[in-house]
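Residue numbers (this note's numbering): 498 to 650.
Yeah, the Cβ is synthetic: ideal placement off N, Cα and C, and Gly gets one too.
Please read the structure below before turning to the comments.
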């Protein structure tokens, strides 16, 4: 194993895994680091109650919020990160999600980028991850630069 790398990616979830996929053809030496191991191959992997209700694969650790209150962050430490238990739904944020949002806990500031800035990357990701569907069926769906490459199931 080389001791020097051109690129180090922390986490093999959807973000890190996609980045590694896009950078691999560059010929650079890439190291992927993951906090957890592989999910065990077992029957419980396919049991939605075990995975989502009983939280079998969720990290047991707790974090503290800004007020010192303890909470469970809902994190999965394993190769593939949260992509191993995400339910296969890839949704686009709406344009208004990028603006300032007022809510019970205060104000979430406006993003420094817009939906239009990210739209081409949403389309690329939908192609990469074989997202199936038909445009125009959801009246709230934002504009898209291309149809889904794969038909609805």
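For a cut-off of 8 Å, the C-beta gap from residue 639 to residue 612 is around 6 Å, short enough to register as a contact. Residue 549 and residue 504 have their alpha carbons spaced roughly 34 Å apart. In the three-state scheme derived from DSSP, where H, G and I count as helix and E and B as strand, residue 533 is classed as coil. For residue 519, there is no enclosing beta strand (DSSP E); the enclosing alpha helix (DSSP H) has its first and last residue at 511-520. A straight line joining the alpha-carbon of residue 636 with that of residue 591 spans about 12 Å.
Relative to the Cα of residue 563, the nearest Cα in the group 642, 602, 630 and 557 belongs to 602. Within the region 581-638, the beta strand (DSSP E) runs of at least 3 residues that lie entirely inside it are, in chain order, 598-600 and 603-605.
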